[in-house]
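> Following the UniProt record's numbering, the numbering of the sequence shown begins with 1 at its first residue and continues without gaps. Glycine included, every Cβ here is placed at the ideal spot set by N, Cα and C. Just so it is clear, the structure is predicted and the values come from calculations on it, not from any experiment.
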Amino acid sequence: MTKPVITLKDATVTVGNQTEILKQLNLEIYPGDFITVLGTNGAGKSTLFNAISGDLALSSGTVYHQGKDITNLPAVKRTAFLARVFQDPKMGTAPRMTVAENLLLAEKRGSRRTLKNRHLSNQKLDFYHNITEKMGNNLEDRLQTAAGSLSGGQRQALSFLMAIQVKPELLLLDEHTAALDPKTSAQLMDATNHQVIDNNLTALMITHNLADALTYGNRLIVLNAGKIVLDVKDQEKKDLSEEDLLEYFVH
Numbered sequence: 001m002t003k004p005v006i007t008l009k010d011a012t013v014t015v016g017n018q019t020e021i022l023k024q025l026n027l028e029i030y031p032g033d034f035i036t037v038l039g040t041n042g043a044g045k046s047t048l049f050n051a052i053s054g055d056l057a058l059s060s061g062t063v064y065h066q067g068k069d070i071t072n073l074p075a076v077k078r079t080a081f082l083a084r085v086f087q088d089p090k091m092g093t094a095p096r097m098t099v100a101e102n103l104l105l106a107e108k109r110g111s112r113r114t115l116k117n118r119h120l121s122n123q124k125l126d127f128y129h130n131i132t133e134k135m136g137n138n139l140e141d142r143l144q145t146a147a148g149s150l151s152g153g154q155r156q157a158l159s160f161l162m163a164i165q166v167k168p169e170l171l172l173l174d175e176h177t178a179a180l181d182p183k184t185s186a187q188l189m190d191a192t193n194h195q196v197i198d199n200n201l202t203a204l205m206i207t208h209n210l211a212d213a214l215t216y217g218n219r220l221i222v223l224n225a226g227k228i229v230l231d232v233k234d235q236e237k238k239d240l241s242e243e244d245l246l247e248y249f250v251h
């Protein structure tokens, strides 16, 4: 039987005056899952991601990676098997380094990062040209451009490529298209979907776009008040409509 990549068992996060953000949440993420995550503001979506990434400690409960208890494993250690793309395009890149240098840096995720020599061979540049070309936004023409000079869409596409440069066991997409205009968002979402499928990635994606939640991925979960109130996959997910999902927000 296939073992989950990540398991959350009775995961609870309590803050301030005993307010529970996650409430004994249980979730198993299997290899190849592409899970879209919906929920109102305050439902616990970002807290769920922070609990998985190790950026927020559980008040109680357990997090497992491949069956091993990692509840107390620091976030920096989890980067060996986990990558995350944030909503803000500025968060995933080094602005003064070129696109190619950022991609080179990403190859060292999970290990000690040093760039004593930034010289890139033609072979390496050709490789970077090929992977950036797949993003469909002319990023391949800007390999020698500082990341800080890119458009928001190009910089977010770079953040995404950096996250998958060393194939993670789990990719967290934290509303990674939300800060972009509709056209650029749709373009990046399409490229994301192709990359996830082509590279057989396991991913969780927070979105507020009901259409995207239904269109992409094999599985969908809805959070409400710190609990998973809907978890559907495959045909059951395909049978859902936006009206069905809206019921979870109305009530």
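(1) Below 8 Å on the Cβ atoms is my contact criterion, and I expect Ala-171 with Phe-81 to pass it. Report the Cβ-Cβ distance as a whole number of Å.
(2) Sort out for me which residues DSSP pairs Met-205 with in a bridge.
(3) Does the structure place the region 138-155 close enough to the region 199-212 that three or more beta carbon pairs sit under 8 Å?
(4) Fully enclosed by the region 117-176, which alpha helix (DSSP H) runs are 4 residues long or longer?
(5) Tell me which residues share the same chain as Thr-12 and place their Cβ nearer than 7 Å to its Cβ, disregarding the 5 neighbours each side in the sequence.
(6) Buried or exposed: which applies to Gln-18, given that a residue is buried once 16 or more other Cβ atoms fall within 10 Å of its Cβ?
(7) Would you list, in sequence order, the uninterrupted beta strand (DSSP E) runs of no fewer than 3 residues that lie entirely inside the region 59-103?
(8) State yes or no: is the beta carbon of Ser-185 nearer than 7 Å to at least one beta carbon in chain B?
(9) Between Ile-70 and Leu-204, which are expected to be in contact by the criterion C-beta below 8 Å, what is the C-beta distance as a whole number of angstroms?
(10) In whole angstroms, give me the CA-to-CA distance for Phe-49 and Pro-182.
The answer reads as follows:
(1) For the record, residue 171 in the displayed sequence is Leu; it is not Ala. Wrong, their Cβ atoms sit about 11 Å apart, outside the cutoff.
(2) Looking at the DSSP assignment, Met-205 forms a beta bridge with Thr-36, Leu-173.
(3) Verdict: no, contact absent.
(4) Considered as a whole, the region 117-176 harbours 122-133, 152-165 as its complete alpha helix (DSSP H) runs of no fewer than 4 residues, in chain order.
(5) For Thr-12, where only same-chain residues beyond five positions count, the Cβ hits under 7 Å are Glu-20, Leu-22, Lys-23, Gln-24, Leu-58, Ser-59, Ser-60, Gly-61.
(6) Around the C-beta of Gln-18, fewer than 16 other C-beta atoms lie within 10 Å, and the residue is accordingly described as exposed.
(7) Fully contained in the region 59-103 are the following beta strand (DSSP E) runs of length 3 or more, in chain order: 60-65, 82-85.
(8) This model lacks chain B altogether; it includes just one protein chain.
(9) Not confirmed; about 16 Å, so no contact.
(10) Phe-49 and Pro-182 have their C-alpha atoms spaced approximately 24 Å apart.
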